[in-house]
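Visitor:
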Amino acid sequence: MRVKRTLAGFSALVTASVLTLGACGGDSIQNADEPAGTKDCGDLNMAVNPWVGYEADAYVVGYLAQTKLGCTVNYKNLDEQVSWKGFGTGSVDVVIENWGHPELAKKYMTDQGGDGSAVDAGLTGNDGVIGWYVPPWMADKYPDITNWENLNKYADMFKTSESGDLGTLYDGDPGFVTNDEALVKNLDLNFKVVYAGSENALIEAFRTAEENKKPMIGYFYEPQWFLAEVPLVKVDLPKYTDGCDADPDKVACDYPPYPLNKIVSSDFADSGSPAYDLVKAFSWTNDDQNLVAKYIAEDGMDPEDAAKKWVDANPDKVAPWLEAAGVSS
Amino acid sequence: MTTAATSSRARIRDEGRVVAVVRAHPRLWALLAVVVGWVIVWSFTEGTHTLHIGTSTSTGVHDWLQDLSENLQDAFASPSDIVVRIISGLSDGLDSIFTWLQHLFTVAPFPRPFPQFGWLGIVALAALATFAIAGWRLVLLVVPAFLLFGFLGFWTESVDTLLITLFSVVFSCLVGIPLGIWMAHSKVVSAIVTPVLDVMQTMPSFVYLLPFSILFGIGPAAAIMVTLVYATPPVIRISAHGLRTVNPGVVEATSSLGQTAWQRLVKVELPLAKRTIIVGVNQTIMAALAMATIAAYIDGPGLGQPVIDGLQRNQFGTAAVAGICIVVLAITLDRTTTAASVRAEQARRAGNHGRRLRRIVLVAGSAGTLVALYLSHMYVWANEFPSSPDLGTPIRNAVDDFGDWLLTDLSGFTTSIQDGFTNWFLNPVQSLVAESPWFVTGLALLLIAMIVGGLRALVATFVCLAGIYLLDLWYNAMVTLTSVLVATVLVVAIAVVLGVAMGRNLTTDRVLRPFLDAGQTIPPFVPLIPVLILFGPNRFTAIIAGVIYAAPIATKLVADGIRGVSSETIEASRSTGANRWQEITKVQLPMARGSVLLATNQGLLYVLSMVVIGAMVGAGGLGFDIIWGFRQADFVGKGLAAGITIVLLGIMLDRITTYGAARAGESATLKAGRRPQRGPSTMLG
Numbered sequence: 001m002r003v004k005r006t007l008a009g010f011s012a013l014v015t016a017s018v019l020t021l022g023a024c025g026g027d028s029i030q031n032a033d034e035p036a037g038t039k040d041c042g043d044l045n046m047a048v049n050p051w052v053g054y055e056a057d058a059y060v061v062g063y064l065a066q067t068k069l070g071c072t073v074n075y076k077n078l079d080e081q082v083s084w085k086g087f088g089t090g091s092v093d094v095v096i097e098n099w100g101h102p103e104l105a106k107k108y109m110t111d112q113g114g115d116g117s118a119v120d121a122g123l124t125g126n127d128g129v130i131g132w133y134v135p136p137w138m139a140d141k142y143p144d145i146t147n148w149e150n151l152n153k154y155a156d157m158f159k160t161s162e163s164g165d166l167g168t169l170y171d172g173d174p175g176f177v178t179n180d181e182a183l184v185k186n187l188d189l190n191f192k193v194v195y196a197g198s199e200n201a202l203i204e205a206f207r208t209a210e211e212n213k214k215p216m217i218g219y220f221y222e223p224q225w226f227l228a229e230v231p232l233v234k235v236d237l238p239k240y241t242d243g244c245d246a247d248p249d250k251v252a253c254d255y256p257p258y259p260l261n262k263i264v265s266s267d268f269a270d271s272g273s274p275a276y277d278l279v280k281a282f283s284w285t286n287d288d289q290n291l292v293a294k295y296i297a298e299d300g301m302d303p304e305d306a307a308k309k310w311v312d313a314n315p316d317k318v319a320p321w322l323e324a325a326g327v328s329s
Numbered sequence: 001m002t003t004a005a006t007s008s009r010a011r012i013r014d015e016g017r018v019v020a021v022v023r024a025h026p027r028l029w030a031l032l033a034v035v036v037g038w039v040i041v042w043s044f045t046e047g048t049h050t051l052h053i054g055t056s057t058s059t060g061v062h063d064w065l066q067d068l069s070e071n072l073q074d075a076f077a078s079p080s081d082i083v084v085r086i087i088s089g090l091s092d093g094l095d096s097i098f099t100w101l102q103h104l105f106t107v108a109p110f111p112r113p114f115p116q117f118g119w120l121g122i123v124a125l126a127a128l129a130t131f132a133i134a135g136w137r138l139v140l141l142v143v144p145a146f147l148l149f150g151f152l153g154f155w156t157e158s159v160d161t162l163l164i165t166l167f168s169v170v171f172s173c174l175v176g177i178p179l180g181i182w183m184a185h186s187k188v189v190s191a192i193v194t195p196v197l198d199v200m201q202t203m204p205s206f207v208y209l210l211p212f213s214i215l216f217g218i219g220p221a222a223a224i225m226v227t228l229v230y231a232t233p234p235v236i237r238i239s240a241h242g243l244r245t246v247n248p249g250v251v252e253a254t255s256s257l258g259q260t261a262w263q264r265l266v267k268v269e270l271p272l273a274k275r276t277i278i279v280g281v282n283q284t285i286m287a288a289l290a291m292a293t294i295a296a297y298i299d300g301p302g303l304g305q306p307v308i309d310g311l312q313r314n315q316f317g318t319a320a321v322a323g324i325c326i327v328v329l330a331i332t333l334d335r336t337t338t339a340a341s342v343r344a345e346q347a348r349r350a351g352n353h354g355r356r357l358r359r360i361v362l363v364a365g366s367a368g369t370l371v372a373l374y375l376s377h378m379y380v381w382a383n384e385f386p387s388s389p390d391l392g393t394p395i396r397n398a399v400d401d402f403g404d405w406l407l408t409d410l411s412g413f414t415t416s417i418q419d420g421f422t423n424w425f426l427n428p429v430q431s432l433v434a435e436s437p438w439f440v441t442g443l444a445l446l447l448i449a450m451i452v453g454g455l456r457a458l459v460a461t462f463v464c465l466a467g468i469y470l471l472d473l474w475y476n477a478m479v480t481l482t483s484v485l486v487a488t489v490l491v492v493a494i495a496v497v498l499g500v501a502m503g504r505n506l507t508t509d510r511v512l513r514p515f516l517d518a519g520q521t522i523p524p525f526v527p528l529i530p531v532l533i534l535f536g537p538n539r540f541t542a543i544i545a546g547v548i549y550a551a552p553i554a555t556k557l558v559a560d561g562i563r564g565v566s567s568e569t570i571e572a573s574r575s576t577g578a579n580r581w582q583e584i585t586k587v588q589l590p591m592a593r594g595s596v597l598l599a600t601n602q603g604l605l606y607v608l609s610m611v612v613i614g615a616m617v618g619a620g621g622l623g624f625d626i627i628w629g630f631r632q633a634d635f636v637g638k639g640l641a642a643g644i645t646i647v648l649l650g651i652m653l654d655r656i657t658t659y660g661a662a663r664a665g666e667s668a669t670l671k672a673g674r675r676p677q678r679g680p681s682t683m684l685g
């Protein structure tokens, strides 16, 4: 009996409170309207490779696809290798910034002898540069250090506990192609390659080196938002000529320029989705990308907010992309 | 769960110990002789026959492994194969169940702009579930913890992590508990399954991350499968252990009543082992949480994403706040399951007492939860977590400022510490181990294994070293071995100092324990950032990372062992006039030797599991080969070889320490719990 009475009292209380809360409880949830769009866009599976410059590209394109074309954009945080694998299974549609990767092209692109699940969707307009960099204070103090022939003169400065009698040349992200071990050998440099192991470790090391005026030299690349914080200076290696890096063991020249391109799955390219036209038309400059990357990395903005901010400020740059996708902005 | 056994055994063996200590001395001399001989040979042969190969060099074995993995992938790419169809069916099923769960709690199912149920409903549901399984006290922990996730700004991610953890754990238990039961009843099954579990727990997850994302597609299914591999072994091992240690007297007594094997299992063994099995579930939950960050590398949902994002964007604060959420979640789950296991015990003893009140609260609570779920379905305020108070931003800013402060004010000082340690300790040891000719190092390791662990350890070491030699990564394996050994020495030193302090003083224990819990459960990337700022990318930083991760479990084990020394023994030693130092070194530590050895064993394996993460901050060695294989399509084979090499190193170190401990007369302790088992409940007495 007592249990029943308690329960009855309780349920009365609950009902009363629900009614009260409901009455003054604020907005109730309503279904959203279908977003505007000219053609049916469907899903856009955007791989997000692990560096901030890539995020800038991905979210600007993704933001436009979502807001102007009405696509459902799924961002997938993935490594390059995994992303390319995803083309075949349909879980990835777009890799929006590709750095060369001949070994992946060989596996997945028909013209390279691959299975044909990936196709080139044109250049992003960004030019990738890979090379050896020193912090700016070093370039100021030792102006001739930016020529590789003088590196041995300064090798002693770069000694660390990791490299013994040799100078340390830091390498970072294992995902990027590096010829550094061969370069050190073939250019007779008194350096040892030490793998910092990740982009984060490398950036932290460069930041410490500039802040505390410590000598450091390492592998780095542009476009990269960190260069806006610490403008690293590139060391000139022997000039790149076509084919000088053909034999990986005998490389003795600088890295080739990397015109960055977009890769999409062949199914996506054939789907007739307006998002494909958007991706294909997308192209911007290193400065554009660095600006969005800075919003994300330095100002701590959410990538989608950063993309929105840039898109709102650059209607003239966005207009032709949207036109290609059949939408007038 | 092994402490009771250890301490009682320790008491029985009290007298034998004196003899054992005397007997141990010849072995110490023999070890010293081996090391001296090794150093002498090294001084003549340093740098020859080291089997060193360059980073971008692959050998025949690596190419063979590369072909093997590519052929397997191709085989799995053809959709006609029956195995492939089963696997893709499984992964589609997993994906759709998980997506359904997400639509209920975290992701808005279009066109609805919010998930079906919001924060109010989830908090109420969590409170009710906690009350039902663990009692009202734990509700006072769970509700604030859930609210904290929201105030820190990671509500959705935290719930996603919770979902994926619980989902994986349910699967692990469905597979693990029956397998554990089978293992407990069959020596053959046990002998087959144990090495498989060894491999599952020591193989670095980066090695199978890529194949899994191919097999199971990119998404929740692959993340769940990766988590399962790492998280299932503890529940299997501990369930088996729990059933094996059910008092045989009780079992026999009931058998004589004519019970069938099934009745005996269900009515006697399982109820008696229930508490230990829940400890196993607890360890599995902790292991599943530990995979949250790793699974984020293949787009696993949850708190791992902001941790990795924070790293990529160099936003230390963001990674730290997400890390705090993981720690809070881990501690909450740990305490809840621990309380549930204690409760299971009490419920078995208590009978009907107090059940009625509990039932009333449960019914009322269910009604309240339904109301909360309804409100969170209907109204925005109960669905979307309120944006204030915002605790996340101030913490984030404070952590970022702290990082800047470290960068400018301390790094000169810390660099000299790092240089000193590396030049005077790490480099000489590494030179001895890695720069000696391979056969010299190999012989020395065999002799050490023989002296420490006897013939069985010798055989295990020989097999493992032979495998490492054949995989063509000898030099890097020795570099990694050096770092692991050096880190373990530091871990044991810390564990003994802190563990003795904790074991002798309950207040110290209470103060330190939350920090140990945090050190064990925070994603390793987070504490790594300040260490990286202070010390730069190098082996020292990687060693510190390993120490931070491994010291907590080792410390807890030592503390537990010290506390297990009987008070009579200590009284007796005091009456002979021993001072505090003598009491610790002559009585407590020798008597807790089993725990110290177990701590060493666990320390080694925990440090080893940080090898890959260490390589992300400059450790090089095998860890780097594994990341290299994960990131570069042409080096998958080499990465695979490095993964197997790490497994071999792990098995070798485990066998040497396990058999060594067995020879010291503490076999029972080590066998029961020799794998990494995360979380404080390993210590349940």
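These protein sequence lines are chains D and F, in that order. Its first residue numbered 1, the first sequence is counted upward by one per residue in full-length UniProt numbering. Its first residue numbered 1, the second sequence is counted upward by one per residue in full-length UniProt numbering. Don't be surprised by glycine CBs; every beta carbon is placed ideally from N, CA and C.
#1: Looking at C-beta atoms only, is the number of pairs between the stretch 507–516 of chain F and the stretch 303–319 of chain F that lie closer than 8 Å three or more?
#2: Does DSSP put Trp132 (chain D) in a helix, a strand or coil?
#3: What does Pro315 (chain D) reach in chain F if we use C-beta pairs closer than 8 Å?
#4: Where are the alpha helix (DSSP H) runs, 4 residues long or more, that stay fully inside the stretch 91–156 of chain D, in chain order?
#5: Counting beta carbon pairs with one atom in the stretch 207–221 of chain D and one in the stretch 325–336 of chain F, are three or more of them shorter than 8 Å?
#6: Apart from the five residues on each side of it in sequence, which residues of its chain come closer than 6 Å, Cβ to Cβ, to Leu557 (chain F)?
#7: Of all the options F:Asp401, F:Lys638, F:Leu125 and F:Met450, which has the alpha carbon lying nearest to the alpha carbon of Ile656 (chain F)?
#8: Residues of chain D with CB closer than 7 Å to the CB of Gln315 (chain F), please, in chain order.
#9: Give the interface partners of Tyr208 (chain F) over in chain D, defined as CB-CB distance under 7 Å, in chain order.
#10: By the 10 Å Cβ neighbour count, where 16 or more other Cβ atoms means buried, how is Pro315 (chain D) classified, buried or exposed?
#11: Since Met46 (chain D) sits in a beta bridge, which residues does DSSP pair it with?
#12: If we call anything under 7 Å between Cβ atoms a contact, is Ala121 (chain D) one with Lys262 (chain D)?
#13: When burial is assigned at 16 or more other CB atoms within 10 Å of the CB, is Val83 (chain F) buried or exposed?
#14: Any Cβ of chain F within less than 7 Å of the Cβ of Leu104 (chain D)?
#15: Residues of chain F with a CB under 7 Å from the CB of Asp111 (chain D): which are they?
#16: Which word fits Trp405 (chain F), buried or exposed, when buried means at least 16 other C-beta atoms lie within 10 angstroms of its C-beta?
#17: Just reading off the beta strand (DSSP E) that Asn261 (chain D) is part of, what are its end residues?
#18: Over the uninterrupted beta strand (DSSP E) stretch that includes Lys234 (chain D), give me the two end residues.
#19: Checking contacts by CB at 7 Å: is Ala23 (chain D) closer than that to chain F?
#20: May I ask you to verify whether the stretch 195–208 of chain F touches the stretch 608–628 of chain F, counting CB pairs closer than 8 Å and requiring at least 3?
#21: Spell out the partners DSSP gives Leu169 (chain D) in its beta bridges.
#22: Please list the segments of the alpha helix (DSSP H) lying wholly inside the stretch 229–289 of chain F, counting only runs of 4 or more residues, in order along the chain.
#23: Taking 7 Å as the CB-CB limit, is Val123 (chain F) close to chain D?
#24: Exposed or buried, Phe87 (chain D), counting other C-beta atoms within 10 Å across all chains shown (16 or more means buried)?
#25: Count the CB pairs spanning the stretch 415–429 of chain F and the stretch 160–173 of chain D that are closer than 8 Å, and state whether there are at least three.
#26: Grab the span of the alpha helix (DSSP H) containing Tyr606 (chain F) for me, first residue to last.
#27: Taking the alpha carbon of Pro303 (chain D) as the reference point, which residue from D:Ala275, D:Asn45, D:Asp43 and D:Val61 has its own alpha carbon closest?
#28: What's the C-alpha gap between Glu345 (chain F) and Ile133 (chain F)?
#29: Taking 8 Å as the threshold, find out whether the stretch 219–232 of chain F comes into contact with the stretch 250–261 of chain F through three or more Cβ pairs.
#30: Strictly below 9 Å CB to CB, what residues from chain F border Tyr170 (chain D)?
#31: Could you name the residues that DSSP lists as bridge partners for residue 330 (chain D)?
#32: Please list, in chain order, the residues of the stretch 189–213 of chain D that have any C-beta partner in chain F closer than 8 Å.
#33: Grouping DSSP H, G and I as helix and E and B as strand, with all else coil, what is Ser567 (chain F)?
#34: Return helix, strand or coil for Gly326 (chain D), following the three-state DSSP convention.
#35: Smallest Cα separation from Ser239 (chain F): which of F:Leu228, F:Leu210 and F:Cys173?
Guide: According to the data block:
#1: No, the stretch 507–516 of chain F does not touch the stretch 303–319 of chain F.
#2: Of the three classes helix, strand and coil, the one that applies to Trp132 (chain D) here is strand, per DSSP.
#3: By Cβ distance, chain F contributes nothing, its closest Cβ being about 27 Å from Pro315 (chain D), past 8 Å.
#4: Every alpha helix (DSSP H) of 4 residues or more that sits fully in the stretch 91–156 of chain D is shown, in chain order, as 102–108, 136–141 and 151–154.
#5: Short answer: they don't touch.
#6: Cβ neighbours of Leu557 (chain F) within its own chain (closer than 6 Å, five residues either side excluded): Ser595, Leu598 and Ala599.
#7: Closest option to Ile656 (chain F), Cα to Cα, is F:Met450.
#8: Taking a Cβ-Cβ cut-off of 7 Å, the neighbours of Gln315 (chain F) in chain D comprise Gly300, given in sequence order.
#9: Under the 7 Å cutoff, chain D gives no residues; its nearest Cβ is about 13 Å from Tyr208 (chain F).
#10: So Pro315 (chain D) ends up on the exposed side.
#11: Per DSSP, D:Tyr75 and D:Val94.
#12: Yes. Within cutoff.
#13: Per the 10 Å Cβ criterion, exposed.
#14: Interface residue, yes.
#15: In chain order: nothing, as chain F lies at least about 18 Å away.
#16: Looking at its Cβ environment, which holds fewer than 16 other Cβ atoms inside 10 Å, Trp405 (chain F) is exposed.
#17: Here the beta strand (DSSP E) through Asn261 (chain D) covers Tyr258 to Ser265.
#18: Element bounds for Lys234 (chain D): Val233 to Val235.
#19: Unreliable placement is indicated for Ala23 (chain D), whose pLDDT of 47 sits below 50; no coordinate value is reported for it.
#20: Touching, yes, given that three or more Cβ pairs across the two stretches are closer than 8 Å.
#21: DSSP, once it has assigned bridges, lists D:Val193 as partnering Leu169 (chain D).
#22: Annotation: the stretch 229–289 of chain F contains the following complete segments of the alpha helix (DSSP H) (minimum length 4 residues), in chain order: 248–255.
#23: In terms of beta-carbon proximity, Val123 (chain F) stays away from the interface with chain D, with every pair separated by 7 Å or more.
#24: Per the 10 Å Cβ criterion, buried.
#25: Pairwise C-beta distances place the stretch 415–429 of chain F in contact with the stretch 160–173 of chain D, as three or more of them are shorter than 8 Å.
#26: Run containing Tyr606 (chain F): Arg593 to Leu608, per the alpha helix (DSSP H) assignment.
#27: Minimum Cα distance to Pro303 (chain D) is reached at D:Val61.
#28: Here the C-alpha atom of Glu345 (chain F) lies approximately 12 Å from the C-alpha atom of Ile133 (chain F).
#29: Fewer than three beta-carbon pairs drawn from the stretch 219–232 of chain F and the stretch 250–261 of chain F are found closer than 8 Å, and the two stretches are therefore not classed as touching.
#30: Result: Pro537 and Gly618.
#31: Outside the shown range of chain D (1 to 329) lies residue 330 (chain D), about which nothing can therefore be said.
#32: Contact residues of the stretch 189–213 of chain D toward chain F are Val193, Val194, Tyr195, Ala196, Gly197, Ser198, Glu199, Asn200, Ala201, Leu202, Ile203, Glu204, Ala205, Arg207, Thr208, Glu211 and Asn212 (C-beta to C-beta distance below 8 Å).
#33: Three-state result, Ser567 (chain F): helix.
#34: The answer is coil: DSSP assigns Gly326 (chain D) none of H, G, I, E or B.
#35: Out of F:Leu228, F:Leu210 and F:Cys173, F:Cys173 has the C-alpha closest to the C-alpha of Ser239 (chain F).
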